[in-house]
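Protein chains in written order, with the numbering used here: chain A, 492 to 834; chain B, 29 to 449.
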């Protein structure tokens, strides 16, 4: 029994390969029935007319080009933010090679996307679902004009990968930019290349996962991220709703909190947050913090260094109790501590 | 670029069937549904597949074996047959979805033995570059529990800043302090130990000899800072790399997963992901190739002896010979331009202008070859050099005990991470 079963399975794979390679050269080989659940080649074929190339001003070594996707039948285009939008004019080239001047309808500093408009009818466009598309491990195709390899009516480049992780994360943009802190879809296809921003990331059945974001360095890993700004964030941007992550951030200036801890300072190094001295009568003293304790975390934030401590202290509010974990000898000790207003 | 992502290749023989166990009922239903609603007449092929999935328990959990290769070979022999059995687009998509499902299943199997490594303090990252590379990120790093009593294997890269305090978060969510034990600088791996544990989950491991070039390989790491690890899929690109120490993969490897496992489609660990560059032994070397499609993992399935050495706190260093040389313009071998004082070469009595012909019987005609040969050894190993002496003009066999690079004047060696207190 076993062998025929296995051969069937491997034949399945073989057929996949066969189909893949046969359509690699002739794009319309499978055009008889694309259907909503079509395969990668058809996904790419169907998406290409919805892709645009965006050209604008460059600045120094920063590229003046990007990719974009059509999102309406009247010429609305979603793309990334970037210096290419800052010049006198922005040029958009459709998949058929026709060129248009674009106007910028709106830009979003946080999600780092922008909406352009051209005076043209664009019957092929992406529908944005408001529900997240794609889960970890799903195959995705990224379509983008990295390094502006594609010119005029040439189709943009397709790369295959999987969704690595859906996450919200702290990441930092290369110089001069604000931090993007929203939801990200990390993928393992390499999209962190000049010109790729604004490209489409699609599932194997052609649904839009999101658009390739501008190049950012993760502060966690100090590496460039390959990621998509998810469709749900794009949909909110199009509808003009503020991003809830941003909206929920406190804006009022609160009084600075103090714990009454003096940390051990030791030149030239990034020190763990060892307690050198506890101020008498302070919250730290009441919580029985001791000299030589090492602060491991405050309110769920890991304190890797003296610098981390200073940063987290700024986020605390007076009279709001938080959980602090300290290393005392080899023990992990949990301490409840209530900051006071700094005098 | 991670170019070769055409993973649905026939070469991937281990597209695994064990996950079909969970998936078979649902998949059968879905396949039937999709065929009913979409296609009209079902192809005989699909009937056969559905039949197979539903009715054959023998399929479930079966190991890779020659049968699979026979099946594959059969498919190759009869290329005409597949044309008659061409799947619909929807069916192809379903098949593709199954691979995604397999990736998730494989990841799920190893996730319990992943640990998140946190470090506190260390060499300040302000200078920007450490050990010749861009500084490490601020985030946590990945390790793998390799024994129920709390030994964790990870990459030395994760401690490039020499943190004096290290803690790990195990999959049960508990944070514990860890001791850094021995390290192997030739493989860029090291051992951590957490105490007072006895039943930690460990991964199933697979030996390099069972791995095949072209099979699926997936890297997993927690370095992006989410509680859920990130996955990257690829294949095994080559085996026996870097002096036979590493397997090569085109899955994305980076600080996000250095120290984490490279696994096969059944969730078995193929090796520990590390940054490596055959041209350099520096601790950070190889990081410049992150996410490039060139990555390395160290197989440890049968490395009991190595693990014992690391448990005992040993530090294994790369072999250093101590000659500056160039290809011999007058013939075979390497012309030694300078013998570095206080090295293995000077101890063994090599002299300037000697010509190095062979190492352990292997001819060396360029520096790259010499480095490749030396990569197979570690500091402390002995090799036999065949040398043509410049003074006597005679060929000599010289025993050399390979050493470590000499320290610059006035510098003391730091084996341990510096302790603040």
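Glycine included, C-beta positions come from ideal geometry on N, C-alpha and C.
Counting of Cβ neighbours within 10 angstroms places residue 551 of chain A among the exposed residues, the total staying below 16.
Here the segment 710-718 of chain A makes no contact with the segment 605-618 of chain A; the two share fewer than three CB pairs at distances below 8 Å.
Listed along chain B, the residues sitting closer than 7 Å to residue 658 of chain A by beta-carbon distance are 252 and 254.
Just measuring C-alpha positions, the residue of A:620, A:630 and A:689 sitting nearest residue 639 of chain A is A:689. In this structure, the CA atom of residue 657 of chain A is about 19 Å from the CA atom of residue 571 of chain A. The residue among A:798, A:773 and A:682 with its C-alpha nearest the C-alpha of residue 708 of chain A is A:682. Residue-level contact check: residue 227 of chain B does not touch chain A, since none of the beta carbons of chain A fall below 8 Å from its beta carbon. Apart from the 5 residues on each side of it in sequence, residue 411 of chain B sits with its Cβ closer than 7 Å to the Cβ of 387, 388, 405, 428 and 430 in its chain, given in chain order. Sequence-distant Cβ neighbours of residue 723 of chain A in its own chain, meaning closer than 6 Å and more than five residues away, are 621 and 623. For the C-beta of residue 711 of chain A, the chain B residues within less than 9 Å are, from N- to C-terminus, 165, 166, 167, 168, 251, 252, 253, 283 and 284. Taking the Cα of residue 332 of chain B as reference, the smallest distance to any Cα among B:196, B:145 and B:219 is reached at B:219. Residue contact check for residue 280 of chain B against chain A: a CB pair falls below 8 Å. A check of alpha carbon separations from residue 599 of chain A across A:569, A:608 and A:584 identifies A:569 as the nearest. By alpha-carbon distance to residue 201 of chain B, the top candidate from B:143, B:172 and B:291 is B:143. Among the residues of the segment 756-773 of chain A, those with a Cβ less than 9 Å away from any Cβ of chain B are 757, 759, 760, 761, 762, 763, 764 and 765, in the order of the chain.
Within the same chain, 752, 753, 754, 755, 775, 780, 781, 782, 783, 784, 785, 786 and 817 come within 8 Å of residue 766 of chain A by CB-CB distance, once the 5 residues on both sides are set aside. When DSSP states are grouped into helix, strand and coil, residue 187 of chain B belongs to the helix group. Contacts with chain A at 8 Å (Cβ-Cβ) include residue 124 of chain B. Residue 747 of chain A and residue 305 of chain B have their alpha carbons spaced roughly 48 Å apart. Listed in chain order, the positions of the segment 680-703 of chain A with a beta carbon within less than 9 Å of a beta carbon of chain B are 680, 681, 683, 684, 695 and 696.
For residue 721 of chain A, the secondary structure class from DSSP, reduced to helix, strand or coil, is strand. Assigned with DSSP and collapsed to three states, residue 533 of chain A falls in helix. Non-local C-beta neighbours of residue 117 of chain B in its own chain, meaning closer than 8 Å and more than five positions away in sequence, are absent. Rounded to the nearest angstrom, the gap between the Cα atoms of residue 805 of chain A and residue 706 of chain A is 29 Å.
When 8 Å is used as the limit between beta carbons, residue 193 of chain B is near these residues of chain A: 763, 785 and 818, in chain order. If the five residues before and after residue 718 of chain A are omitted, its C-beta is found closer than 7 Å to the C-beta atoms of 675, 676, 677, 678 and 704, all from its own chain and listed in chain order. Going by beta carbons, residue 326 of chain B and residue 291 of chain B fall outside the 8 Å limit. Between the beta-carbon of residue 236 of chain B and that of residue 267 of chain B there is about 6 Å, and that keeps the pair under the 8 Å contact cut. By the Cβ neighbour-count rule, residue 825 of chain A is exposed, with fewer than 16 other Cβ atoms within 10 Å of its own. At a cut-off of 8 Å between beta-carbon atoms, residue 542 of chain A makes no contact with chain B. Each of B:177, B:180 and B:148 was checked against the Cα of residue 165 of chain B, and the nearest Cα belongs to B:148. If you ignore the 5 residues before and after residue 226 of chain B, its C-beta comes within less than 7 Å of the C-beta of 176 and 177, all in its own chain and listed in chain order.
Where residue 653 of chain A is concerned, the enclosing beta strand (DSSP E) starts and stops at 648-659. The C-beta distance from residue 183 of chain B to residue 216 of chain B rounds to 5 Å, short enough to meet the 8 Å contact threshold. From the listed residues A:543, A:579, A:532 and A:538, the smallest Cα separation to residue 686 of chain A is found for A:543. Under the DSSP assignment, residue 789 of chain A falls in the beta strand (DSSP E) whose first and last residues are 785-789.
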